[in-house]
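Numbering (this note's numbering), first residue to last: -16 to 241. A short write-up of the structure that comes next.
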């Protein structure tokens, strides 16, 4: 379960930890003479991250990683977890590869405008991993594209409950989904979506701008002005924010006159 990078200086590859791991938890049920020992085994997919720590995610019934990650050190991994090479080779890796192929086909069909075919593939992916970020964003974008707002609302609720949806590696899909919410007239959802993102970062001028724009298009000019100014604190030269601030000042000033 040690994979190596192909491109390193001096032809020396740094080992990358990637594979399946297990850990056992011992508990006791009952008391006295009825006391019994119970051992539970938990399975995880682990991968070394850029900081050299290990990102662990639980394996679901389909043997793919699902849910929020847990970060442990390499020492903790060695002390508390056991490698499961056979499980990884025979079940986890093939399942992850299958899921990746389904998602690639779904993304390709969505980009070609074949919304219904894409939906079918995203549904297949969600049957394997209902919390898959790429699949949830993808099917949500399909629903918004064909204006099925009830289903889009259900996916929106799921996405805002997934912490991983707001990670940097999903930034492109995150932005596309937020813009689609706003363009579809789901302004309240767009506001809630961007506010949720602010729980993970407060130093992104584009995030504040998008939140301001969602408020503005919903007619909440004062709230919009508050957030666009926060965007400009982070980047005083942010062109879109400067234009929006000018527009908002005009609208607020005009409303006071009338």
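Even glycine gets a Cβ: it sits at the ideal position worked out from N, Cα and C. Predicted model, so just to flag it, every value in this text is computed and none were measured.
For residue 94, the enclosing alpha helix (DSSP H) has its first and last residue at 76 to 94. Between residue 65 and the set 14, 147, 26, 188, the nearest pair of CA atoms involves 26. Here residue 20 has 9, 11 as same chain residues with Cβ atoms under 7 Å from its own Cβ, once five neighbours each way along the sequence are excluded. Annotated as distal: residue 42 and residue 29, with beta-carbon spacing of 8 Å or more.
In the three-state DSSP reduction, residue 183 falls in the coil class, being neither helix nor strand. Boundaries of the alpha helix (DSSP H) around residue 143: 132 to 143.
For the pair residue 93 and residue 124, the CB atoms are nearer than the 8 Å cut-off. DSSP places residue 129 outside both helix and strand once states are collapsed to three, so it counts as coil. Judged by DSSP in its simplified three-state form, residue 25 adopts strand. The beta carbon of residue 193 sits closer than 7 Å to the beta carbons of 161, 177 from its chain, once the five residues preceding and following it are set aside; these are given in chain order. Residue 222 and residue 190 have their alpha carbons spaced roughly 14 Å apart.
Inclusion of residue 210 and residue 198 in the CB contact set at 8 Å is warranted, their separation being smaller than that value. Annotated as distal: residue 146 and residue 174, with beta-carbon spacing of 8 Å or more. The beta carbons of residue 148 and residue 116 sit closer together than 8 Å. DSSP places residue 42 in no alpha helix (DSSP H); its state is neither H nor E. The Cβ atoms of residue 215 and residue 186 lie no closer than 8 Å to each other. Under DSSP, residue 236 takes part in no beta bridge, so it has no partner. By alpha-carbon distance to residue 49, the top candidate from 114, 235, -1, 143 is 114. When rounded, the separation of the alpha-carbon atoms in residue 58 and residue 150 is 26 Å. In the structure shown, residue 46 adopts coil according to DSSP, grouped into three states.
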